[in-house]
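Protein chains in written order, with the UniProt record's numbering: chain R, 1 to 93; chain X, 1 to 393. Ideal Cβ placement from N, Cα and C applies to all residues, glycine included.
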Amino acid sequence: MNSDGSAAPISALNRDQLRELLTQVLAAQGKDLPAGESAELAAIGFRSLDFSELALRVEDEIGRELNFDAPGLRTIRTVGDVLDFLTELQDPA
Amino acid sequence: MIAANNRLQLGEIATSWADLADAASLPDPVAVCTDDPTTAFAAVRHHADHGTELLVAARSRIDETLRAELIEAGFALPDDGVPAHRAADPGRLWLLTSGSTGRPKRVAHTLAGLTTVTAPQPPRVWLCPYSPGSYAWWQLVTLSLAVPGQDLVVPSTVDDWAAAAVAHRVTAVSGTPTFWRQALYRHGDELAGLALAQVTLGGEPVDQPILDALRAAFPTARISWIYASSEVGAAVVVHDGRAGFPASWLDRAAGDRPRLSVVDGELLVGSPHRGLDQPELIRTGDRAQLSGDRVLLPGRLGHDEINVGGTKVSAGAVREVLLGHPAVRWARVTGRRAPLVGQVVSAEIVTDGSVDSVDLQRFAGERLAETAVPRHIRILSEIPVKETLKSDV
């Protein structure tokens with residue numbers, strides 16, 4: 001909690017918290033997130049715009065912009081890949 | 001000829017144009033930078049009597065850069081002890097543009113040019129919520145100065161306007177769509193006590209939902225929207241309660257009416273009320289869209305466009321959909337930087353509290369292309385309003 005009583009931003013979201021946000025993004029479209037991390041994004045209907053929305057939700061939670069320039073190219077194919085990528089993006093180093 | 005008997009309620013001060021004769025002693029040329037309505041109105045009366053070269057502006061609009069520009073341009077700034085340092089141009093009035101598209105610019109006018117209504121009108125008590133010196137402020141001031149029976153009420157603060165309007169039996173109110181949205185949202189009970197014969201909107205895109213909401217709130221009032229700016233002057237006045245103007249008005253023989261054209265999706269206006277240094281046909285920078293028998297003006301060109309993964313999305317079109325939700329009181333739509341697609345559509349929204357962002361996303365998703373659905377929605381507790389009564393939508 002900050003001195004003015006407002007909630008302080010979390011410095012980084014853990015894997016469970018990222019998964020919860022991903023669940024919310026899908027739920028808003030009436031879609032479910034399967035258990036585990038191996039589900040293919042194409043199969044659950046998680047597309048570029050959904051990833052963008054998820055990233056903005058993460059930014060709002062941690063109170064800062066993610067640095068998308070830092071990581072190299074990669075394949076984001078599964079739920080686990082999304083969680084890995086967002087975990088890495090939150091690393092200030 | 002001055003309609004000297006028209007009454008002016010300036011904050012707590014009750015006066016008239018007659019009472020303001022010789023109320024001010026001004027250098028020439030002069031920039032009157034004030035938030036005090038009596039000072040501003042006295043300067044107008046002085047100009048009407050003596051032709052003093054005059055710029056009126058809200059004090060809060062004059063930052064250090066603008067102040068330096070006015071001094072450089074030879075204006076006296078009486079409150080700052082700065083004298084005039086050039087000969088005046090008699091009869092010249094200066095307006096500052098609203099600065100929606102950059103720094104405010106000075107536009108030259110005359111009192112006669114700003115006086116767009118001179119014919120007899122039904123008696124009205126007008127509320128004037130605009131900040132001194134804006135084009136809309138001049139429209140109401142010149143109406144009251146020129147036409148008998150047109151009294152003005154200037155509220156002490158914009159937030160208090162509804163109480164002032166009830167107290168002084170206002171019968172006509174002019175405001176921006178943002179002003180009206182906020183009024184309907186915050187002052188609903190007080191508005192019920194107003195017997196308005198005239199409701200006027202302008203200064204921002206006017207959409208159908210706000211016109212419908214005003215019709216429901218004031219079923220017997222004439223509802224008019226006006227397209228006007230410091231540069232163009234008053235160019236379009238529509239009274240039929242519908243957004244946009246009739247397409248039959250495009251490119252018709254002008255006479256003394258403004259000429260309206262659409263070129264490459266942009267509204268072009270040739271207006272007899274334009275600023276003195278403006279071209280005959282002015283590119284407005286406002287988007288114009290043909291929709292059935294109407295020409296809609298949803299927002300600014302360029303500023304209105306959000307590029308979502310290569311797909312161009314109109315912020316105005318998204319905003320119009322969101323405003324169509326019965327629980328939405330106000331919306332601002334912008335692009336927000338996002339990975340993979342460059343930008344996504346982002347919205348700030350004020351609601352009546354009965355919906356959340358998921359409901360609104362779903363509502364938008366049923367009416368818009370996937371790329372145009374707001375992916376980031378922030379619910380605000382109240383409508384943000386600038387002193388121009390606009391809200392950067």
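Proximity of chain X to F51 of chain R at the Cβ level (cut-off 8 Å) is accounted for by P339 and L340, in chain order.
Contact check for L41 of chain R and L86 of chain R: beta-carbon distance about 13 Å, past the 8 Å limit, so the pair fails to qualify.
For the options R:I10, R:A28 and R:N14, the alpha carbon positioned closest to that of D356 of chain X is the one of R:A28.
Any Cβ of chain R closer than 8 Å to the Cβ of R215 of chain X would place that residue at the interface, and such an atom is absent.
One Cα belongs to D60 of chain R, the other to P339 of chain X, and the distance between them is close to 14 Å. When CB distances to chain X are screened at a threshold of 7 Å, the residues of the UniProt domain "Carrier" (12-90) of chain R falling below it are A28, S48, L49, F51, S52, E53, A55, L56 and F68, in chain order. Within chain R, the C-beta atoms nearer than 8 Å to that of T371 of chain X come from L49, in chain order. Interface flag for V358 of chain X against chain R is set, since a Cβ pair is found closer than 8 Å. Here V345 of chain X carries a strand assignment [DSSP, helix/strand/coil]. At a cut-off of 3 residues, the continuous stretches assigned as beta strand (DSSP E) that sit fully inside the UniProt domain "AMP-binding enzyme C-terminal" (320-387) of chain X are 328-338, 342-351 and 376-379.
Per DSSP, the beta-bridge partners of G202 of chain X are X:I226. Residues of the segment 291-316 of chain X that bring their beta carbon within less than 9 Å of a beta carbon in chain R comprise V308 and G309, in sequence order. The Cβ neighbour count for L10 of chain X, taken over all protein chains shown within 10 Å, is at least 16; the residue is labelled buried. Between the beta-carbon of A3 of chain X and that of V147 of chain X there is about 6 Å, and that keeps the pair under the 8 Å contact cut. As computed with DSSP, N307 of chain X is found in a beta bridge with X:K312.
Assignment of beta-bridge partners to I282 of chain X by DSSP yields X:V269. The three-state reading of DSSP puts T157 of chain X in coil, since its state is none of H, G, I, E or B. Along the length of the UniProt domain "Carrier" (12-90) of chain R, whole alpha helix (DSSP H) runs at least 4 residues long occupy 15-27, 41-44, 48-62 and 79-89, reported in chain order. Going by C-alpha positions, E64 of chain X is about 29 Å away from G302 of chain X.
The shortest CA-to-CA distance from G241 of chain X to any of X:L96, X:A235, X:A216 and X:A165 is the one to X:A216.
If you look at A183 of chain X, you'll find it in the alpha helix (DSSP H) that goes P177 to R186. Annotation for T34 of chain X: no alpha helix (DSSP H) segment contains it, and DSSP assigns it neither H nor E. Proximity of V344 of chain X to chain R, defined by a Cβ-Cβ separation below 8 Å, is satisfied. With fewer than 16 neighbouring CB atoms inside 10 Å of its own CB, E366 of chain X falls in the exposed class.
Taking all protein chains in view, the Cβ of V358 of chain X is surrounded by fewer than 16 other Cβ atoms within 10 Å, so the residue is classified as exposed.
When DSSP states are grouped into helix, strand and coil, H50 of chain X belongs to the helix group. Taking a 10 Å sphere around the C-beta of D264 of chain X, we find fewer than 16 other C-beta atoms and assign the residue as exposed. Contact between R59 of chain X and T34 of chain X holds, since their C-beta atoms are separated by about 6 Å, short of 8 Å. About 6 Å separates the beta carbons of P129 of chain X and L389 of chain X, which is inside the 8 Å limit, making them a contact pair. Bridge partners of Q208 of chain X according to DSSP: none are assigned. Between L54 of chain R and V79 of chain R, the C-beta spacing is not below 8 Å. Per DSSP, G244 of chain X is not a residue of any alpha helix (DSSP H), being assigned neither H nor E. DSSP places P78 of chain X in the helix class (H, G or I) of the three-state scheme. For H85 of chain X, the nearest beta carbon of chain R is not closer than 8 Å to its own beta carbon.
From the listed residues X:S16, X:A372, X:G81 and X:S229, the smallest Cα separation to A136 of chain X is found for X:S229.
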